[in-house]
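Undergrad: Residue numbers (the working numbering): 29 to 308.
Have a look at this one.
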(Lines of atoms letter the chains of each structure in order from A and count residues from 1; the text may use other names and numbers.)
(Lines give C-alpha, C1' and ligand atoms only; values in the text may rest on other atoms or scores of the structure.)
Protein backbone atom coordinates (compact mmCIF):
# COMPACT_ATOMS: atom_id res chain seq x y z
CA UNK A 1 0.00 0.00 0.00
CA UNK A 2 1.38 3.40 -1.04
CA UNK A 3 4.62 1.81 -2.25
CA UNK A 4 5.84 4.89 -4.07
CA UNK A 5 8.80 7.21 -3.68
CA UNK A 6 6.68 9.97 -2.17
CA UNK A 7 5.18 7.76 0.51
CA UNK A 8 8.54 6.15 1.26
CA UNK A 9 10.00 9.58 1.98
CA UNK A 10 6.89 10.60 3.90
CA UNK A 11 7.06 7.44 6.00
CA UNK A 12 10.67 8.21 6.94
CA UNK A 13 9.65 11.75 7.81
CA UNK A 14 6.88 10.47 10.09
CA UNK A 15 9.31 8.01 11.65
CA UNK A 16 11.75 10.86 12.32
CA UNK A 17 8.97 12.83 14.04
CA UNK A 18 8.08 9.85 16.24
CA UNK A 19 11.71 9.13 17.18
CA UNK A 20 12.30 12.80 17.95
CA UNK A 21 9.42 12.98 20.38
CA UNK A 22 10.33 9.63 21.98
CA UNK A 23 13.93 10.75 22.56
CA UNK A 24 12.88 14.17 23.85
CA UNK A 25 10.19 12.90 26.21
CA UNK A 26 12.41 10.07 27.48
CA UNK A 27 15.44 12.24 28.19
CA UNK A 28 13.30 15.00 29.66
CA UNK A 29 11.44 12.54 31.89
CA UNK A 30 14.58 10.77 33.14
CA UNK A 31 16.07 14.12 34.14
CA UNK A 32 13.08 14.69 36.42
CA UNK A 33 12.83 11.26 38.07
CA UNK A 34 14.85 10.76 41.27
CA UNK A 35 17.25 7.89 40.95
CA UNK A 36 17.44 8.06 37.17
CA UNK A 37 18.74 11.61 37.19
CA UNK A 38 21.35 10.59 39.78
CA UNK A 39 22.66 8.03 37.30
CA UNK A 40 22.63 10.57 34.45
CA UNK A 41 24.48 13.10 36.55
CA UNK A 42 27.06 10.59 37.77
CA UNK A 43 27.86 9.31 34.27
CA UNK A 44 27.56 12.63 32.46
CA UNK A 45 31.12 12.30 31.16
CA UNK A 46 29.91 9.45 28.93
CA UNK A 47 28.29 11.71 26.30
CA UNK A 48 24.86 11.63 28.04
CA UNK A 49 24.23 15.40 28.31
CA UNK A 50 25.94 15.92 24.95
CA UNK A 51 23.61 13.37 23.36
CA UNK A 52 20.46 14.98 24.75
CA UNK A 53 21.62 18.42 23.59
CA UNK A 54 23.01 17.42 20.20
CA UNK A 55 20.03 15.22 19.34
CA UNK A 56 17.84 18.32 19.15
CA UNK A 57 19.90 19.67 16.25
CA UNK A 58 20.27 16.24 14.65
CA UNK A 59 16.50 15.73 14.60
CA UNK A 60 16.06 19.24 13.22
CA UNK A 61 18.39 18.53 10.29
CA UNK A 62 16.59 15.25 9.61
CA UNK A 63 13.29 17.10 9.26
CA UNK A 64 14.93 19.83 7.15
CA UNK A 65 16.30 17.34 4.65
CA UNK A 66 12.98 15.48 4.69
CA UNK A 67 10.88 18.49 3.76
CA UNK A 68 13.38 19.36 1.01
CA UNK A 69 13.18 15.85 -0.42
CA UNK A 70 9.37 15.96 -0.36
CA UNK A 71 9.17 19.42 -1.95
CA UNK A 72 11.71 18.68 -4.67
CA UNK A 73 9.93 15.40 -5.40
CA UNK A 74 6.65 17.26 -5.85
CA UNK A 75 8.40 19.70 -8.19
CA UNK A 76 9.87 16.92 -10.33
CA UNK A 77 6.60 15.01 -10.60
CA UNK A 78 4.50 18.02 -11.53
CA UNK A 79 6.87 20.05 -13.68
CA UNK A 80 9.11 17.38 -15.25
CA UNK A 81 7.32 14.00 -15.01
CA UNK A 82 9.15 12.51 -18.02
CA UNK A 83 12.67 13.74 -17.30
CA UNK A 84 15.59 11.42 -16.64
CA UNK A 85 16.00 12.67 -13.06
CA UNK A 86 12.33 12.04 -12.29
CA UNK A 87 12.57 8.55 -13.77
CA UNK A 88 15.60 7.71 -11.62
CA UNK A 89 13.91 9.05 -8.48
CA UNK A 90 10.63 7.27 -9.14
CA UNK A 91 12.21 3.93 -9.98
CA UNK A 92 14.67 3.95 -7.08
CA UNK A 93 14.36 1.06 -4.66
CA UNK A 94 12.84 1.81 -1.27
CA UNK A 95 16.04 0.88 0.59
CA UNK A 96 18.04 3.36 -1.49
CA UNK A 97 15.59 6.12 -0.64
CA UNK A 98 15.82 5.25 3.05
CA UNK A 99 19.63 5.32 2.97
CA UNK A 100 19.71 8.72 1.24
CA UNK A 101 17.09 10.12 3.61
CA UNK A 102 19.11 9.28 6.74
CA UNK A 103 22.63 9.72 5.34
CA UNK A 104 22.26 13.34 4.23
CA UNK A 105 21.23 14.79 7.64
CA UNK A 106 23.77 12.58 9.41
CA UNK A 107 26.57 14.10 7.34
CA UNK A 108 25.17 17.56 8.02
CA UNK A 109 25.16 16.85 11.76
CA UNK A 110 28.75 15.62 12.12
CA UNK A 111 29.88 19.07 13.28
CA UNK A 112 27.21 19.07 15.99
CA UNK A 113 27.50 15.44 17.07
CA UNK A 114 31.23 15.68 17.76
CA UNK A 115 30.69 18.17 20.62
CA UNK A 116 31.37 16.55 24.00
CA UNK A 117 32.07 19.56 26.22
CA UNK A 118 28.48 19.66 27.53
CA UNK A 119 27.60 18.96 31.16
CA UNK A 120 24.78 19.29 33.66
CA UNK A 121 24.75 22.33 35.90
CA UNK A 122 23.81 20.49 39.09
CA UNK A 123 21.87 17.48 40.30
CA UNK A 124 19.04 19.74 41.42
CA UNK A 125 18.45 21.53 38.10
CA UNK A 126 19.93 19.10 35.53
CA UNK A 127 20.23 22.02 33.11
CA UNK A 128 22.79 21.89 30.33
CA UNK A 129 25.99 23.87 30.62
CA UNK A 130 27.08 24.53 27.03
CA UNK A 131 30.08 26.70 26.09
CA UNK A 132 29.01 29.92 24.44
CA UNK A 133 31.00 29.30 21.20
CA UNK A 134 29.11 26.01 20.72
CA UNK A 135 25.76 27.73 21.24
CA UNK A 136 26.66 30.51 18.81
CA UNK A 137 27.92 28.08 16.17
CA UNK A 138 24.98 25.68 16.46
CA UNK A 139 22.32 28.37 16.33
CA UNK A 140 23.98 30.03 13.34
CA UNK A 141 24.34 26.70 11.54
CA UNK A 142 20.71 25.79 12.29
CA UNK A 143 19.56 29.19 11.08
CA UNK A 144 21.45 28.80 7.79
CA UNK A 145 20.15 25.26 7.18
CA UNK A 146 16.54 26.22 7.96
CA UNK A 147 16.85 29.31 5.74
CA UNK A 148 18.16 27.14 2.87
CA UNK A 149 15.33 24.68 3.50
CA UNK A 150 12.70 27.40 3.27
CA UNK A 151 14.39 28.91 0.20
CA UNK A 152 14.51 25.60 -1.70
CA UNK A 153 10.97 24.64 -0.77
CA UNK A 154 9.46 28.05 -1.51
CA UNK A 155 11.33 28.11 -4.81
CA UNK A 156 9.94 24.68 -5.70
CA UNK A 157 6.38 25.72 -4.96
CA UNK A 158 6.77 29.02 -6.76
CA UNK A 159 8.01 27.16 -9.85
CA UNK A 160 5.06 24.76 -9.59
CA UNK A 161 2.67 27.71 -9.33
CA UNK A 162 4.08 29.22 -12.54
CA UNK A 163 3.71 25.90 -14.36
CA UNK A 164 0.16 25.54 -13.12
CA UNK A 165 -0.80 28.92 -14.50
CA UNK A 166 0.64 28.07 -17.90
CA UNK A 167 -0.45 24.45 -18.32
CA UNK A 168 -3.39 23.91 -15.97
CA UNK A 169 -5.64 22.69 -18.80
CA UNK A 170 -3.17 20.00 -19.89
CA UNK A 171 -2.87 18.26 -16.53
CA UNK A 172 -4.07 14.67 -16.32
CA UNK A 173 -6.02 13.33 -13.38
CA UNK A 174 -2.92 11.58 -12.05
CA UNK A 175 -0.91 14.82 -12.05
CA UNK A 176 -3.84 16.61 -10.41
CA UNK A 177 -3.63 14.07 -7.61
CA UNK A 178 0.11 14.69 -7.36
CA UNK A 179 -0.60 18.40 -7.09
CA UNK A 180 -3.03 17.78 -4.25
CA UNK A 181 -0.31 15.90 -2.39
CA UNK A 182 1.88 18.98 -2.77
CA UNK A 183 -0.50 20.92 -0.52
CA UNK A 184 0.16 18.34 2.17
CA UNK A 185 3.87 19.16 2.03
CA UNK A 186 3.18 22.89 1.78
CA UNK A 187 1.31 22.83 5.09
CA UNK A 188 4.29 21.07 6.67
CA UNK A 189 6.56 23.78 5.30
CA UNK A 190 4.56 26.42 7.19
CA UNK A 191 5.65 24.78 10.45
CA UNK A 192 9.28 25.35 9.47
CA UNK A 193 8.72 29.10 9.44
CA UNK A 194 7.82 28.86 13.15
CA UNK A 195 11.11 27.06 13.84
CA UNK A 196 12.90 29.55 11.56
CA UNK A 197 11.58 32.43 13.67
CA UNK A 198 12.68 30.64 16.84
CA UNK A 199 16.27 30.26 15.63
CA UNK A 200 16.41 33.85 14.39
CA UNK A 201 15.68 35.03 17.92
CA UNK A 202 17.97 32.41 19.46
CA UNK A 203 20.82 33.35 17.13
CA UNK A 204 20.39 37.05 17.95
CA UNK A 205 20.76 36.41 21.68
CA UNK A 206 23.71 34.05 21.23
CA UNK A 207 25.58 36.47 18.96
CA UNK A 208 25.01 39.39 21.35
CA UNK A 209 26.31 37.20 24.22
CA UNK A 210 23.08 37.67 26.12
CA UNK A 211 23.04 34.33 27.92
CA UNK A 212 19.90 34.95 29.97
CA UNK A 213 17.41 34.90 27.06
CA UNK A 214 19.30 31.97 25.52
CA UNK A 215 18.33 29.80 28.48
CA UNK A 216 14.83 31.28 28.47
CA UNK A 217 14.38 30.37 24.79
CA UNK A 218 15.12 26.73 25.62
CA UNK A 219 11.77 26.62 27.39
CA UNK A 220 10.06 27.58 24.13
CA UNK A 221 11.87 25.01 22.02
CA UNK A 222 9.50 22.13 22.88
CA UNK A 223 6.64 24.24 21.55
CA UNK A 224 8.37 24.90 18.22
CA UNK A 225 9.55 21.30 18.03
CA UNK A 226 6.09 20.00 18.86
CA UNK A 227 4.48 22.07 16.12
CA UNK A 228 7.02 20.68 13.67
CA UNK A 229 6.39 17.09 14.79
CA UNK A 230 2.64 16.99 15.32
CA UNK A 231 1.52 18.95 12.28
CA UNK A 232 2.59 16.13 9.97
CA UNK A 233 -0.07 13.57 11.03
CA UNK A 234 -2.81 16.19 10.68
CA UNK A 235 -1.52 17.16 7.23
CA UNK A 236 -1.75 13.52 6.18
CA UNK A 237 -5.19 13.04 7.72
CA UNK A 238 -6.88 16.18 6.42
CA UNK A 239 -5.02 16.92 3.18
CA UNK A 240 -4.49 13.38 1.83
CA UNK A 241 -7.89 12.45 0.46
CA UNK A 242 -7.02 8.79 -0.19
CA UNK A 243 -5.67 8.24 3.28
CA UNK A 244 -8.55 10.17 4.84
CA UNK A 245 -11.15 8.04 3.04
CA UNK A 246 -9.43 4.82 4.07
CA UNK A 247 -8.96 6.07 7.63
CA UNK A 248 -12.69 6.82 7.90
CA UNK A 249 -13.51 3.37 6.49
CA UNK A 250 -11.21 1.79 9.04
CA UNK A 251 -12.86 3.76 11.87
CA UNK A 252 -16.22 2.46 10.65
CA UNK A 253 -14.81 -1.10 10.48
CA UNK A 254 -15.35 -1.14 6.73
CA UNK A 255 -11.96 -2.53 5.79
CA UNK A 256 -9.13 -0.89 3.85
CA UNK A 257 -8.86 -0.68 0.12
CA UNK A 258 -5.58 -0.89 -1.66
CA UNK A 259 -4.64 2.45 -3.19
CA UNK A 260 -5.58 2.48 -6.83
CA UNK A 261 -3.46 5.46 -7.81
CA UNK A 262 0.17 4.87 -8.75
CA UNK A 263 2.26 8.02 -8.73
CA UNK A 264 5.19 6.50 -10.56
CA UNK A 265 6.73 7.63 -13.77
CA UNK A 266 5.23 4.61 -15.50
CA UNK A 267 1.76 5.75 -14.46
CA UNK A 268 2.36 9.25 -15.71
CA UNK A 269 3.74 8.05 -19.01
CA UNK A 270 1.16 5.30 -19.49
CA UNK A 271 -2.11 6.07 -17.69
CA UNK A 272 -3.61 2.88 -19.07
CA UNK A 273 -1.36 0.88 -16.76
CA UNK A 274 -3.18 2.15 -13.68
CA UNK A 275 -5.58 -0.58 -12.60
CA UNK A 276 -8.28 -0.67 -9.97
CA UNK A 277 -7.74 -3.29 -7.30
CA UNK A 278 -10.81 -4.75 -5.69
CA UNK A 279 -10.88 -6.06 -2.14
CA UNK A 280 -10.34 -9.71 -1.50
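Glycine included, each C-beta is placed from N, C-alpha and C at the ideal position.
Would you say the segment 53 to 70 touches the segment 100 to 117, given that touching needs at least three Cβ pairs under 8 Å?
TA: Touching, no.
Undergrad: Assign residue 97 to one of two classes, buried (16 or more other C-beta atoms within 10 Å of its C-beta) or exposed (fewer than that).
TA: Taking the chain shown and counting its residues from 1, the one referred to as residue 97 is at position 69. The residue is buried, with at least 16 neighbouring Cβ atoms inside 10 Å.
Undergrad: Quick one: using the 10 Å Cβ neighbour count with 16 as the cut-off for buried, is residue 63 buried or exposed?
TA: Counted from its first residue, the chain shown places residue 63 at position 35. Burial call: exposed.
Undergrad: What separation, rounded to the nearest whole angstrom, lies between the Cα atoms of residue 53 and residue 59?
TA: In the chain shown, the residue the question calls residue 53 occupies position 25. In the chain shown, the residue the question calls residue 59 occupies position 31. Computed Cα separation, rounded: 10 Å.
Undergrad: Going straight from the alpha carbon of residue 122 to that of residue 153, what length do you get?
TA: The count along the chain shown starts at 1 and reaches residue 122 at position 94. The count along the chain shown starts at 1 and reaches residue 153 at position 125. Spanning the two alpha carbons is a distance of roughly 44 Å.
Undergrad: Going by C-alpha to C-alpha distance, which of 113, 190 and 51 sits closest to residue 81?
TA: Numbered from 1 along the chain shown, position 53 holds the residue referred to as residue 81. For residue 81, the nearest C-alpha among the options comes from 51.
Undergrad: Less than 8 Å between the beta carbons of residue 86 and residue 166, yes or no?
TA: Indexing the chain shown from 1 puts residue 86 at position 58. Indexing the chain shown from 1 puts residue 166 at position 138. Cβ distance not < 8 Å, so residue 86 and residue 166 don't count as in contact.
Undergrad: State the Cα-Cα distance for the pair residue 43 and residue 115, rounded to the nearest angstrom.
TA: Start at 1 with the first residue of the chain shown, and residue 43 comes out as number 15. Start at 1 with the first residue of the chain shown, and residue 115 comes out as number 87. Each residue's alpha carbon lies about 26 Å from the other.
Undergrad: Comparing C-alpha positions only, which one of 229, 133, 111 and 48 sits nearest to residue 168?
TA: Within the chain shown, numbered from 1, the residue matching residue 168 stands at position 140. Of the candidates 229, 133, 111 and 48, the one whose C-alpha sits nearest the C-alpha of residue 168 is 229.
Undergrad: Measuring CB to CB, does residue 220 end up less than 8 Å from residue 95?
TA: In the chain shown, counting from the first residue as 1, residue 220 sits at position 192. In the chain shown, counting from the first residue as 1, residue 95 sits at position 67. For residue 220 and residue 95, yes; Cβs fall inside 8 Å.
Undergrad: What is the DSSP secondary structure of residue 41, reduced to helix, strand or coil?
TA: Start at 1 with the first residue of the chain shown, and residue 41 comes out as number 13. If DSSP states are grouped into helix, strand and coil, residue 41 belongs with the helices.
Undergrad: Does DSSP put residue 285 in a helix, a strand or coil?
TA: On the chain shown, residue 285 is found 257 positions in, with the first residue counted as 1. Note that residue 285 has pLDDT 48, beneath the 50 cutoff, so the model's placement of it is unreliable and the number below is only indicative. Three-state result, residue 285: coil.
Undergrad: DSSP three-state label for residue 105, please.
TA: Position 77 of the chain shown, counted from the first residue, corresponds to residue 105. Of the three classes helix, strand and coil, the one that applies to residue 105 here is helix, per DSSP.
Undergrad: As an exercise, report each continuous alpha helix (DSSP H) stretch of at least 4 residues that is fully enclosed by the segment 66 to 153, in chain order.
TA: As far as the segment 66 to 153 is concerned, its whole alpha helix (DSSP H) runs of at least 4 residues are 76 to 107, 112 to 119, 122 to 136 and 138 to 141.
Undergrad: For residue 157, which beta-bridge partners are listed by DSSP?
TA: Residue 157 sits at position 129 when you count from the first residue of the chain shown. Bridge partners of residue 157: 147.
Undergrad: Which residue from 89, 218 and 157 puts its Cα closest to that of residue 129?
TA: What you label residue 129 is simply residue 101 of the chain shown in a count that begins at 1. Taking only the C-alpha atoms, the option nearest residue 129 is 89.
Undergrad: Relative to the C-alpha of residue 76, which candidate in 49, 141 and 45 has its C-alpha closest?
TA: For the purposes of this step, residue 76 is identified with residue 48 of the chain shown, where counting begins at 1. Measuring from the Cα of residue 76, the nearest candidate turns out to be 141.
Undergrad: Can you tell me the Cα-Cα spacing of residue 145 and residue 78, whole angstroms?
TA: Residue numbering aside, residue 145 sits at position 117 when the chain shown is read from its first letter. Residue numbering aside, residue 78 sits at position 50 when the chain shown is read from its first letter. Distance between the alpha carbons of residue 145 and residue 78 is about 7 Å.
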